[in-house]
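**Q** Shown below is the structure under consideration.
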Amino acid sequence: SESQFGFRKGKSTESALLLQKEIILHNIENKLLTLGIFIDFSKAFDCINHKILVDKLYQYGICGPSLSLLCSYLQDRMQCVCIDGHLSYFMPIRYGVPQGSILGPLLFNIYINDIMNTDEDTHFIMYADDTSLFLSDADADNLIIKGNSLALQICNVVKFKWA
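Residue numbers for the sequence shown follow the working numbering, so the first one is 9 and each next one is one higher.
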């Protein structure tokens with residue numbers, strides 16, 4: 009999505025901030041109030057549901073051997089902890105994408121891409137797992153109603169994806 013500024017060549021936090029500034033200035037010039045909602049999806053890479061991700065990959069047209077390879081990449085991963093030279097038991101990893109990998113950010117972006125489909129009047133600006141939402145209206149009461157409605161929609165989407 010064009011709203012994602014993280015993990016993309018030629019995009020940066022500076023680009024995201026400049027867009028935020030442009031939105032706010034545009035609203036000021038048009039005598040509109042601006043409401044910002046800021047979300048940090050903590051541990052987002054660790055919470056990705058593999059089944060939902062695989063379904064999304066299929067919806068985006070990834071199928072056959074390519075999808076099988078990605079499924080293999082996500083399945084049967086194990087982790088353990090080493091403290092003072094002692095290893096814990098190996099435990100299966102049921103959720104998440106590998107951090108520090110080349111595919112991790114891409115898979116994360118695919119997973120959250122449709123979160124921006126909740127409202128076409130909202131400006132979404134994402135940098136990795138941080139999301140800024142901007143709404144505008146001439147009337148403060150309408151803006152609050154829009155903001156509450158959008159926050160509820162986002163909560164419902166996130167609850168489904170991270171359940």
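All C-beta atoms, glycine included, are put in the ideal place defined by N, C-alpha and C.
Determine, using beta carbons only, whether isoleucine 36 and leucine 141 come nearer to each other than 8 Å.
**A** It is not a contact, given that the beta carbons lie outside the stated cut-off.
**Q** Take the Cβ of aspartate 104 as the centre, count every other Cβ of all protein chains shown within 10 Å, and call the residue buried at 16 or more, exposed below.
**A** In the sequence under discussion, the amino acid at residue 104 is glycine, which differs from the aspartate named in the question. With 16 or more Cβ atoms within 10 Å of its Cβ, glycine 104 is classed as buried.
**Q** In terms of residue numbering, what span does the alpha helix (DSSP H) encompassing phenylalanine 116 cover?
**A** Its alpha helix (DSSP H) spans residues 111 to 120.
**Q** Do cysteine 88 and serine 76 have their C-beta atoms within less than 8 Å of each other?
**A** Not closer than 8 Å, so no.
**Q** When the Cβ atoms of the region 51 to 64 are set against those of the region 102 to 122, are three or more pairs found closer than 8 Å?
**A** The region 51 to 64, when compared against the region 102 to 122, does touch it at the 8 Å Cβ threshold.
**Q** Of the residues Leu151, Thr139, Asn150, Gly155, which one's Cα is nearest the Cα of leucine 172?
**A** Here the chain covers residues 9 to 171 and nothing more, so residue 172 does not appear.
**Q** With a Cβ-Cβ cutoff of 8 Å, do threonine 42 and isoleucine 32 count as a contact?
**A** Against a cut-off of 8 Å, the Cβ pair of isoleucine 32 and threonine 42 comes out as a contact.
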